[in-house]
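**Q**
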Amino acid sequence: MISATATPATALPLFHLYGDPPEDQAFDFVHVETISSRSTRHAWTIRAHRHRNLFQILLIAAGGGEMSHEAATRPFAAPCAILVPATVAHGFRFRPGETEGFVVTFTEDVAHGLGERSGEALARLRALAADPVVPIAEAAEAARLDALFRDLHEEHFLAREGYRLAMRAHLALIAIAVARLAAGRERAHAHGAPSLASAAPVVEALRQLVEAHFRSERRLAFYAERLAMTADRLNDHVKRATGVTAGHLIRQRVVTEAKRQLVFTLQPIHEIGFDLSFADPSHFTRFFRKQTGMTPQAFRDQGGG
Numbered sequence: 001m002i003s004a005t006a007t008p009a010t011a012l013p014l015f016h017l018y019g020d021p022p023e024d025q026a027f028d029f030v031h032v033e034t035i036s037s038r039s040t041r042h043a044w045t046i047r048a049h050r051h052r053n054l055f056q057i058l059l060i061a062a063g064g065g066e067m068s069h070e071a072a073t074r075p076f077a078a079p080c081a082i083l084v085p086a087t088v089a090h091g092f093r094f095r096p097g098e099t100e101g102f103v104v105t106f107t108e109d110v111a112h113g114l115g116e117r118s119g120e121a122l123a124r125l126r127a128l129a130a131d132p133v134v135p136i137a138e139a140a141e142a143a144r145l146d147a148l149f150r151d152l153h154e155e156h157f158l159a160r161e162g163y164r165l166a167m168r169a170h171l172a173l174i175a176i177a178v179a180r181l182a183a184g185r186e187r188a189h190a191h192g193a194p195s196l197a198s199a200a201p202v203v204e205a206l207r208q209l210v211e212a213h214f215r216s217e218r219r220l221a222f223y224a225e226r227l228a229m230t231a232d233r234l235n236d237h238v239k240r241a242t243g244v245t246a247g248h249l250i251r252q253r254v255v256t257e258a259k260r261q262l263v264f265t266l267q268p269i270h271e272i273g274f275d276l277s278f279a280d281p282s283h284f285t286r287f288f289r290k291q292t293g294m295t296p297q298a299f300r301d302q303g304g305g
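Under the UniProt record's numbering, think of the first position of the sequence shown as 1, with each following residue one higher.
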């Protein structure tokens, strides 16, 4: 995890680990540490930041706190897991002296190398991470995850022969266990929902395209054409995987960026709108209010959602 001090006048910090500058060429990277080992140095507060190409899975084994997730705040309590995909704005305020657990950080190429269908698994984790906090209801499951994280931490610390392979094996088991827990949560919310397996890769491809083009392009046809399918077929894939339309995902990425700029910078609202390719401030205000139920100024005044 990374701690960074960000004043409201600066953009959201983008880091690798340990407050280092981003490493766009980072490859084959896995890191694990205890939560207390870093958070105690920063008064148990990890300020809002993001990573360009790192995925994180946290295990909260004791204590709890609150997580900033984009411009919203989400409480969490042990035992639970937390999923943080690359590019997502996040931070943590842990309960001082009582919160413990682990955080594993890895570049996405590591997941792609874990097995034949690992790319699909990573896409599934991304989809499930829309709701990042995953409660662990069963004590046995919490103990099993804790043991997996401890074994991963030991392999990383001792660096014995074959430790890189062993770390990837433990990471695979952790990712599978957390994905199963999150999927169980989804089934509890929507019993009988269809499998996401075939749709998840399409959602991941759409996510990457949206990330590259959302500032200037919001037409569904633009994205469908680049994915070599019709807009209706793209919508079908996205709705099976997420329950919402592709257009909604595109609009929400624009809203997410607007919220980031409103909360984490002092950039004038009309400039935020222009940066997101709105023709005039009133158009941006109408769009933002339709998506969030409040004006950009009201959202900024209350410090986010």
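Ideal Cβ positions, reconstructed from N, Cα and C, are used throughout, including at glycine.
Can you tell me whether Ala72 is helix, strand or coil according to DSSP?
**A** Three-state DSSP puts Ala72 in a strand.
**Q** Can you list, in chain order, the stretches of the beta strand (DSSP E) that have 3 or more residues and sit fully within the UniProt domain "HTH araC/xylS-type" (204-302)?
**A** Whole beta strand (DSSP E) segments, 3+ residues: zero.
**Q** Could you tell me whether the region 90-106 touches the region 123-131, where touching means 3 or more Cβ pairs closer than 8 Å?
**A** No, because fewer than three Cβ pairs between the region 90-106 and the region 123-131 fall closer than 8 Å, the two stretches do not touch.
**Q** Helix, strand or coil for Leu152? Go by DSSP, reduced to three states.
**A** In the structure shown, Leu152 sits in a helix (DSSP, three-state: H, G or I).
**Q** Secondary structure at Glu161, three-state DSSP: helix, strand or coil?
**A** Coil at Glu161, not helix or strand.
**Q** From Asp109 to Leu54, what does the alpha carbon distance come to, in whole angstroms?
**A** Taking the straight line joining both Cα atoms gives about 10 Å.
**Q** If you reduce the DSSP assignment to three classes, tell me which class Leu12 lands in.
**A** Looking at Leu12 - three-state DSSP - the assignment turns out to be coil, as it is neither helix nor strand.
**Q** Is the region 245-259 touching the region 281-294, taking contact as three or more C-beta pairs under 8 Å?
**A** Flag = yes, the region 245-259 and the region 281-294 touch.
**Q** Going by C-alpha distance, which of Ala183, Arg160, Arg95 is nearest Ile136?
**A** Considering only alpha carbons, the answer is Ala183.
**Q** Give me the Cα-Cα distance between Ala78 and Asn235, rounded to the nearest whole angstrom.
**A** Approximately 37 Å between the Cα atoms of the pair.
**Q** How long is the line joining the alpha carbons of Phe288 and Glu204, rounded to whole angstroms?
**A** Going by the C-alpha atoms only, they are around 25 Å apart.
**Q** Run through the DSSP bridge pairs and tell me what Thr105 is partnered with.
**A** His31, Gln56, per the DSSP bridge assignment.
**Q** Determine the DSSP secondary structure at Glu100, reduced to helix, strand or coil.
**A** Note: Glu100 maps to strand in three-state DSSP.
**Q** Indicate whether Gly91 and Arg50 have their beta-carbon atoms separated by less than 7 Å.
**A** Their beta carbons are not under 7 Å apart, which means Gly91 does not touch Arg50 by this criterion.
**Q** Verify whether the separation of the beta carbon atoms of Gly65 and Arg41 is less than 7 Å.
**A** In this structure, Arg41 does not lie closer than 7 Å to Gly65 by Cβ.
**Q** Taking Cβ to Cβ, would you say Ile57 is nearer than 7 Å to Val178?
**A** A contact, by the Cβ cut-off of 7 Å.
**Q** Among all the DSSP beta bridges, which residues are the ones paired with Val134?
**A** Beta-bridge pairing links Val134 to Ala81.
**Q** Closest by CA to Ala246, which one among Leu206, Arg226, Glu138?
**A** The residue with the shortest Cα to Cα distance from Ala246 is Leu206.
**Q** What residue range is occupied by the uninterrupted beta strand (DSSP E) comprising Thr45?
**A** Here the beta strand (DSSP E) through Thr45 covers 45-49.
**Q** Is it right to say Glu211 is buried, meaning 16 or more other beta carbons lie within 10 angstroms of its own, or is it exposed?
**A** Exposed, by the Cβ-count rule.
**Q** Can you find the residues in the same chain that come closer than 8 Å, C-beta to C-beta, to Ala69, ignoring five residues on each side of it along the sequence?
**A** The residue you asked about is not Ala; residue 69 is His in the sequence shown. Excluding sequence neighbours, His69 sits near Val88, Ala89, His90, Pro132.
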